[in-house]
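S.K.:
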Amino acid sequence: MTRTRPWRKALIALFVAVVAFTGYHAVRTVSDAIYWNAHRDEPIERWMTIGYVAHSYHVPPHVLHQALNLPPMPDRRPLGRIARDSGRSMTQIEAKLMYAIVHARPPYPPPGPPPRPFMRPASSTASPAK
Numbered sequence: 001m002t003r004t005r006p007w008r009k010a011l012i013a014l015f016v017a018v019v020a021f022t023g024y025h026a027v028r029t030v031s032d033a034i035y036w037n038a039h040r041d042e043p044i045e046r047w048m049t050i051g052y053v054a055h056s057y058h059v060p061p062h063v064l065h066q067a068l069n070l071p072p073m074p075d076r077r078p079l080g081r082i083a084r085d086s087g088r089s090m091t092q093i094e095a096k097l098m099y100a101i102v103h104a105r106p107p108y109p110p111p112g113p114p115p116r117p118f119m120r121p122a123s124s125t126a127s128p129a130k
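Every letter in the sequence shown is one number past the one before it in full-length UniProt numbering, and letter 2, counting from 1, is 2.
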């Protein structure tokens, strides 16, 4: 008489789940790599976000934020809305972005990261020992 081992079925189910999870993420990684390889230096359009343009042109997003005088925080608005909200035309937005992109790539040195807010050092409330 053979004895069934319930842990064996659980182990097989866990193995199948791990293989499925790994396969799913491998397919996503390959498809993302294929997508971005084919979408380099896309012409700038109204529907794009700053992050999309930065990824397509391989420049840091903070460079594009600085070019448009926006705070260095993530901004998911499309460029058309940024143009409308700032009272500029899409042509002006595109020109500023292209200027920043050209000057962020070699042979120009890349700009540094945005400045961090100034933090005052904690002051000591204890009086010095005499």
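Virtual Cβ for every residue (Gly too), placed ideally from N, Cα, C.
Using the C-alpha atoms, what's the distance from A104 back to Q66?
M.R.: Counting from one through the sequence shown, the residue named residue 66 turns up at place 66. Counting from one through the sequence shown, the residue named residue 104 turns up at place 104. Whole-angstrom Cα-Cα distance: 12 Å.
S.K.: If you draw a straight line from the C-alpha of A13 to the C-alpha of D32, how long is it?
M.R.: Counting from one through the sequence shown, the residue named residue 13 turns up at place 13. Counting from one through the sequence shown, the residue named residue 32 turns up at place 32. Their Cα atoms are separated by approximately 29 Å.
S.K.: At what residues does the alpha helix (DSSP H) containing M98 begin and finish?
M.R.: Locating residue 98 in the sequence shown gives position 98, counting from the first residue. M90 to A104 is the span of the alpha helix (DSSP H), which, as asked, contains M98.
S.K.: Buried or exposed: which applies to L97, given that a residue is buried once 16 or more other Cβ atoms fall within 10 Å of its Cβ?
M.R.: Residue 97 sits at position 97 when you count from the first residue of the sequence shown. The residue is buried, with at least 16 neighbouring Cβ atoms inside 10 Å.
S.K.: So for P74, helix, strand or coil by DSSP?
M.R.: As a working mapping, residue 74 is identified with position 74 in the sequence shown. Coil.
S.K.: Does the distance from the C-beta atom of I50 to that of E94 stay below 9 Å?
M.R.: Counted from its first residue, the sequence shown places residue 50 at position 50. Counted from its first residue, the sequence shown places residue 94 at position 94. Not closer than 9 Å, so no.
S.K.: Identify the continuous alpha helix (DSSP H) that holds P61 and give its terminal residues.
M.R.: Reading the sequence shown from its first residue, position 61 is the one you call residue 61. First-last of the alpha helix (DSSP H) with P61: P61 to A67.
S.K.: For my contact list, M90 and A83 are in at a C-beta cut-off of 8 Å; report their separation, rounded to the angstrom.
M.R.: Here residue 90 is taken as the residue at index 90 of the sequence shown, counted from 1. Here residue 83 is taken as the residue at index 83 of the sequence shown, counted from 1. So it is a contact: roughly 5 Å between Cβ atoms.
S.K.: Which residue wins for smallest C-alpha separation from Y57, given the options R77, I101 and K9?
M.R.: Here residue 57 corresponds to residue number 57 of the sequence shown, with the count starting at 1. Ranking R77, I101 and K9 by Cα distance to Y57 puts I101 first.
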